[in-house]
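> Numbering (our numbering), first residue to last: 3 to 194. Think of the CB as a built atom: it goes at the ideal place given N, C-alpha and C, for glycine as much as any other residue.
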């Protein structure tokens, strides 16, 4: 749309997805995110990538979940709700359940970890999701995924700012308080 990256030379399209592949082993997931640009590590992130955070909204079709996308000034696509949210960035990897989620609350923290692996040559970031993060479902058939990207400002402990004109570390082309804090997103992905 109308958004532009911050002006600092270290920002070079790192929030743009080129493709997504989803694999399952039993009721565990592996989400492979192919990036459109080289993976940045300019700030020495412990998870192996920076200048992007992934929000993965997972729908269990047997449950009724949330539609608000926390802290993103947006809602899920029409007809979609989510039950588990993954938030994965350079220094964080968190899992939340939809209970208590709203525009300004991530929801209930889930005590399950995400495995993160990086393949710089292939420009892929892979998230490993244990069945426990999804509430130990019996089967993943029909589960949905909706993935968005933005960047997280660790110094401010908030999503990176957005304003009319880009600045060195501020995105341009919108209003932080009202416009969606989504640089790229996927269509809804349904598991067969």
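#1: Let's test the definition: count the other Cβ atoms within 10 Å of the Cβ of residue 151 and tell me whether it reaches 16, buried, or not, exposed.
#2: For the candidate residues 3, 43 and 189, whose alpha-carbon lies nearest to that of residue 14?
#3: Classify residue 80: buried if its beta carbon has 16 or more other beta carbons within 10 angstroms, exposed otherwise.
#4: Under three-state DSSP, which class holds residue 66?
#5: Of the residues 47, 33 and 8, which one's Cα is nearest the Cα of residue 59?
#6: Quick one, which of 50, 5, 39 and 9 has its alpha-carbon nearest residue 128's?
#7: Would you mind giving the Cβ-Cβ distance between residue 74 and residue 179, rounded to the nearest angstrom? I have them listed as a contact below 8 Å.
#8: Here's the rule: buried if 16 or more other CB atoms are within 10 angstroms of the residue's CB, otherwise exposed. What is residue 131?
#9: Grab me the residues of residue 18's own chain with a C-beta within less than 6 Å of its C-beta, minus the 5 sequence neighbours each way, in chain order.
#10: By a C-beta neighbour count over all protein chains shown, 10 Å radius and 16 as the cutoff for buried, is residue 90 buried or exposed?
#11: Going along the chain, which unbroken runs of the beta strand (DSSP E) with 3 or more residues stay wholly within the stretch 40-111?
#12: In the structure shown, what three-state DSSP assignment does residue 119 receive?
The answer reads as follows:
#1: buried
#2: 43
#3: exposed
#4: coil
#5: 33
#6: 50
#7: Residue 74 to residue 179, Cβ: 12 Å. No contact.
#8: buried
#9: 38 and 186
#10: It counts as buried.
#11: 55-61, 86-90 and 95-99
#12: strand
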